Amino acid sequence: MRLRFRHIRLRAETSAGTFGADISFAPGLNVLWADNTMGKSTCLQGLLYALGLERMLSPRREIPLTYVMTSYLDDPETGQRHDVLQSSVWLEIENASGDIITAQRGIVSSSDRKLVSIFNGPLLTQPSQYYRRRDYFVLDPGAAQREAGFHRMLADFIGWSLPTVRRFDGSETMLYLETIFPLLYVEQKSGWSSLPAAFPTYFQIRDVGRRAVEFMLALDTHDLEARRQQLELEFAASKAAWLAKRDELLSIARVVNGRVEGLGSTPTISVEEIERAYMLVAVGEDWRPLEELASALRTRLAHLSQADTPSVEDVASEAVVEIQALTEAAAAQNARRSALFRARQTEVLQKASIVRRLTALEEDLQKNKDAQKLRDLGSTLADTFAPEQCPTCAQPIADTLLAQRVGAEIMPLEDNIRYINAQRGIFQRLHKQAEGAMADIDREFVAATAEVNETSARLRALKADLVAPSHRPSVAAIEERIRIEARLQALEEAQQRFEQQKGNLVALAAQHAELLAAKIALPTDRFTAQDRTKIARLETLIREQAAEYGFSTFPATDLDISEDNFRPHKEGFEIGFELSASDAIRLKWAYQLALLELGRTHRTNHPGFVVFDEPQQQKTAKVSFASLLKRASKAKAAGQQVIFATSEDRDELERFLATVDCQLLAFEGRIVRRL
Amino acid sequence: MTMPDNLLDALLDGPFVLTPRPEPVPGDLRIGWGVALVVLMLGTSRGRRASLQKLHFLAHSIRRPQTRAEALEVFRRTRRPSDILVRVEPWLNRALAFAKSSALIELEGGRSAKLTDQGRQVLAKLYQDDGIFVEEKQFLDAVGGQATEANVEKIMRMELAL
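Heads up: the protein sequence lines correspond to chains A and B, in order. Every position in the first sequence, counted from 1, becomes a number in the working numbering once 1 is added. Every position in the second sequence, counted from 1, becomes a number in the working numbering once 20 is added.
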């Protein structure tokens with residue numbers, strides 16, 4: 002991950018000829034010196050403009066360059082003013098793998114300002130006509146994501162894969178380059194006033210500063226958060242899948258008038274628990290395990306099929322007894338069925354009355370809401386529609402058209418609406434319960450009807466036997482055998498499907514167990530151990546530098562970095578106004594350089610450069626930066642780059658720099674001059 | 021068996037306080053609702069004026085979905101006037117009193133009511149907002165020109181023929 006500036010070129014064509022500037026940046030520390038208002042900031046902001054990052058400074062799409070590049074310039078030799086007819090900025094940059102590209106973007110230009118042309122070579126330092134050129138767009142939506150978007154291309158060039166972050170409205174977006182660069186480029190005006198940086202907020206990214214620093218430090222916390230959210234989604238899906246499968250099992254049981262025992266509505270991870278689940282089948286008023294019933298039927302069937310079908314004569318006496326018993330059973334079954342029917346009727350009435358009550362409540366709610374709206378219609382009507390005093394005698398009155406009673410307190414409208422809503426909630430729950438109860442009764446009723454039918458069929462067969470010639474085979478015996486066979490087949494089928502579906506549940510349980518394991522494996526802490534070492538190192542680096550630069554508001558060892566927003570803290574409190582202006586600048590230097598230096602020892606996403614544009618209010622806070630420059634010059638050995646613009650007294654500056662390894666880019670007079 | 025001095029204290033493990041709770045009031049018995057309804061009823065009547073009898077008839081009919089449906093059926097001559105039982109309710113008289121004292125209506129000889137200019141302004145305001153009195157406005161529009169004084173008189177006397 003690296004970005005190094007190699008060369009910037011500014012060009013402005015005027016009626017009086019071509020003006021411009023060329024600055025080559027070396028690896029390590031570059032000190033750009035010129036007097037105030039001579040064009041330092043124009044050059045540095047040219048860097049941003051060439052990279053299409055001007056919206057980092059303000060959401061407006063204005064060109065962040067001075068009039069020299071946008072409208073007119075004064076010829077320093079003649080003092081004459083010339084209009085700028087055409088202007089552009091060129092920037093040559095290099096990445097970690099040594100690829101060099103040159104970006105060119107028009108300022109005053111016939112071409113679209115949203116276009117950035119990229120030449121795939123060092124066009125400025127080694128001109129050649131053979132570099133391939135491709136145009137990309139900036140500023141438009143999609144510049145960061147689409148193939149032809151310049152910021153996507155630039156992020157790839159630097160080696161960044163930009164994380165997805167949440168907007169305030171909950172939607173997802175990516176962390177735009179404009180939100181990362183404030184950590185790398187300290188702009189003259191607002192750049193100095195905030196730590197870690199002045200992040201643009203109009204992208205509507207939640208906790209934008211925190212996200213940008215997390216990305217810069219390559220903390221695992223972002224991945225963790227993403228994984229946590231993903232897991233939650235998978236949990237919900239797993240639960241839904243479980244419920245669906247469980248429903249299938251329940252409906253298998255319903256086919257044979259049965260129900261399922263031992264399956265909860267939330268996923269279990271115990272395979273044994275699933276294996277233990279079984280079906281109960283209604284037999285009369287009892288519930289018996291399906292297996293037990295099936296095996297009883299099987300025994301009976303075996304018994305029936307072993308013997309030849311008995312003749313009427315053989316079974317006649319038994320038939321009489323059975324008819325007796327069955328008639329009694331049929332009476333009981335019929336009674337039970339009618340009891341169920343009555344219960345159902347009661348339930349229907351109950352439900353109807355709940356529905357009536359609900360409708361009445363809805364109506365009353367609507368009227369209350371109307372009354373509330375009337376009161377809020379306007380100040381002129383408020384007295385008419387919600388008088389607190391009698392309009393005639395000015396005595397206090399209660400808001401009701403019932404007779405006014407002394408001492409009776411009337412519920413205010415808002416409370417009344419809440420009160421009705423609460424009642425509505427209760428009745429809605431009752432309604433649901435009534436529906437559930439009815440479904441239960443319906444199921445029982447179906448079972449009871451089947452039973453009654455079965456008994457009467459059996460009775461018919463037995464009676465047919467009694468009136469048939471005595472040598473005929475017994476109809477009752479045949480009927481019983483057929484009935485048992487059919488029932489057994491249904492039960493066995495259900496059992497088989499039930500076991501199959503149980504297999505699927507076991508698979509779901511295994512999945513769920515994996516999810517649970519993954520959830521447990523997630524660290525409870527927001528930061529991993531590695532994250533913590535990075536933050537601690539950053540803190541050390543900042544403290545170290547603050548002490549070196551002469552930070553004096555309080556001892557530098559009291560400085561902490563907040564884990565919430567990565568701002569400097571002192572004893573848990575954010576540092577704000579108590580800082581002197583010069584200490585604020587020292588802390589800014591310390592923070593931005595610490596980010597750079599952290600990249601030397603730890604894996605971060607820092608592209609290895611920092612740009613400091615001297616604060617405008619420099620006069621009010623004159624801070625010696627000799628030790629800063631000394632520290633910044635170490636960037637060279639680490640393959641990093643620091644660009645520092647200043648208008649400090651030149652002699653003094655050169656005295657500092659005598660012992661510092663750096664490139665001094667000094668301009669007497671205007672930087673942009675006639676070529 | 022001896023009774024403790026204070027049975028309540030013995031049963032409760034904390035102090036016991038009774039506070040009167042404000043009474044809930046049905047929305048259509050709020051002053052605002054009633055006054056607004058008076059304005060709406062007069063606003064849909066000829067000359068922005070109606071007899072107290074007609075107001076009572078409409079106010080009774082308008083309050084519930086069932087009574088609204090029945091009143092409409094009577095006007096459509098699909099139901100006998102004797103099937104509906106119009107009640108003269110005191111809340112309407114109170115609403116009229118409030119409307120009068122707020123200068124929205126004038127009462128003429130204790131027999132009829134008429135919207136004042138101020139009442140007309142309020143009427144316009146009520147019609148500006150589509151979200152309030154939806155059912156009520158619909159009913160008044162549906163009854164429309166049929167709820168003439170003569171027709172209402174016939175209904176009250178159960179003389180309206182099928």
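For glycine and all other residues, C-beta sits at the position ideal for the given N, C-alpha and C. Predicted model, so just to flag it, every value in this text is computed and none were measured.
Sorted by chain position, which residues of the same chain lie with C-beta nearer than 8 Å to residue i's C-beta, five sequence neighbours on each side aside?
i: residue 60 of chain B; result: 143, 146, 153, 156, 157, 160
i: residue 621 of chain A; result: With a pLDDT of 46 at residue 621 of chain A, under the threshold of 50, the predicted position of this residue should be treated as unreliable, though the coordinate-derived value follows. Taken in chain order, the residues that qualify are 582.
i: residue 109 of chain B; result: 76, 79, 80
i: residue 156 of chain A; result: 145, 162, 163, 178
Residues in the same chain with beta-carbon distance under 6 Å from residue i, minus the five sequence neighbours each way, listed in chain order, please.
i: residue 262 of chain A; result: 279, 281
i: residue 452 of chain A; result: 334
i: residue 342 of chain A; result: none
i: residue 528 of chain A; result: 222
i: residue 56 of chain A; result: 179
i: residue 25 of chain A; result: 8
i: residue 136 of chain A; result: 116, 118
i: residue 1 of chain A; result: Here chain A covers residues 2 to 676 and nothing more, so residue 1 of chain A does not appear.
Taking residue i as the query, report the chain A residues whose CB atoms sit under 8 Å from its CB, ordered along the chain.
i: residue 121 of chain B; result: 391, 392, 393
Tell me the DSSP bridge mates of residue i?
i: residue 87 of chain A; result: A:14
i: residue 25 of chain A; result: A:8
i: residue 127 of chain B; result: B:133
i: residue 118 of chain A; result: A:105, A:136
i: residue 480 of chain A; result: Paired residue(s): none; residue 480 of chain A is not in a bridge.
i: residue 186 of chain A; result: A:612
i: residue 565 of chain A; result: BP columns for residue 565 of chain A are empty, so no partner.
i: residue 280 of chain A; result: A:261
i: residue 646 of chain A; result: A:33, A:614
i: residue 214 of chain A; result: In the DSSP output, where bridge partners are listed per residue, residue 214 of chain A has none listed.
Taking the continuous beta strand (DSSP E) assigned at residue i, which residues delimit it?
i: residue 288 of chain A; result: 287-290
i: residue 405 of chain A; result: Counting along the chain, residue 405 of chain A falls outside any beta strand (DSSP E), and DSSP gives it neither H nor E.
i: residue 562 of chain A; result: 560-562
i: residue 73 of chain A; result: 73-75
i: residue 179 of chain B; result: It is not in any beta strand (DSSP E) - residue 179 of chain B carries neither H nor E in the DSSP assignment.
i: residue 175 of chain A; result: 173-175
Against residue i, what residues of chain A qualify as contacts under a CB-to-CB distance less than 7 Å, listed in chain order?
i: residue 99 of chain B; result: Near residue 99 of chain B there are no residues of chain A at all, since even the closest Cβ is about 21 Å away, more than 7 Å.
i: residue 153 of chain B; result: 371
i: residue 56 of chain B; result: 375, 386
i: residue 48 of chain B; result: 368
i: residue 68 of chain B; result: What residue 68 of chain B touches in chain A: nothing, since even the nearest Cβ is about 17 Å away.
i: residue 114 of chain B; result: 402
Would a C-beta distance cut-off of 9 Å place residue i and residue j closer than the cut-off?
i: residue 148 of chain A; j: residue 7 of chain A; result: no
i: residue 512 of chain A; j: residue 187 of chain A; result: no
i: residue 600 of chain A; j: residue 35 of chain A; result: no
i: residue 410 of chain A; j: residue 41 of chain B; result: yes
i: residue 50 of chain A; j: residue 64 of chain A; result: yes
i: residue 608 of chain A; j: residue 4 of chain A; result: yes
i: residue 97 of chain A; j: residue 52 of chain A; result: no
i: residue 605 of chain A; j: residue 30 of chain A; result: no
i: residue 115 of chain B; j: residue 54 of chain B; result: yes
So which residues of chain A does residue i contact, with C-beta pairs closer than 9 Å?
i: residue 133 of chain B; result: Within 9 Å Cβ-Cβ: nothing; residue 133 of chain B doesn't reach chain A, min ~15 Å.
Please work out which residues of its chain come closer than 7 Å, Cβ to Cβ, to residue i, disregarding the five sequence neighbours upstream and downstream, and give them in chain order.
i: residue 547 of chain A; result: 557, 560, 587, 588, 591
i: residue 153 of chain A; result: 145, 146, 147
i: residue 555 of chain A; result: 571
i: residue 169 of chain B; result: 71, 74
i: residue 138 of chain A; result: 115, 116, 144, 149, 150, 151
i: residue 136 of chain B; result: 123, 124, 125, 126
What residues of chain B sit near residue i, judged by a beta carbon separation below 8 Å?
i: residue 388 of chain A; result: 51, 118, 122
i: residue 417 of chain A; result: 44, 45, 47
Report the neighbours of residue i on chain B: residues whose CB is nearer than 7 Å to its CB, in chain order.
i: residue 353 of chain A; result: Those within 7 Å of residue 353 of chain A in chain B number zero; the least Cβ separation is about 14 Å.
i: residue 365 of chain A; result: 46, 47
i: residue 1 of chain A; result: What is shown of chain A runs 2 to 676, which leaves residue 1 of chain A out entirely.
For residue i, which residues in chain B fall below 9 Å Cβ to Cβ?
i: residue 410 of chain A; result: 40, 41, 42, 43
How would you write the range of the alpha helix (DSSP H) that residue i sits in, first residue to last?
i: residue 663 of chain A; result: Not the alpha helix (DSSP H): residue 663 of chain A falls in the beta strand (DSSP E), residues 663-667.
i: residue 420 of chain A; result: 414-468
i: residue 708 of chain A; result: In the structure as shown, chain A begins at 2 and stops at 676. Residue 708 of chain A is therefore absent and cannot be evaluated.
i: residue 371 of chain A; result: 313-376
i: residue 226 of chain A; result: 222-256
i: residue 42 of chain A; result: 41-51
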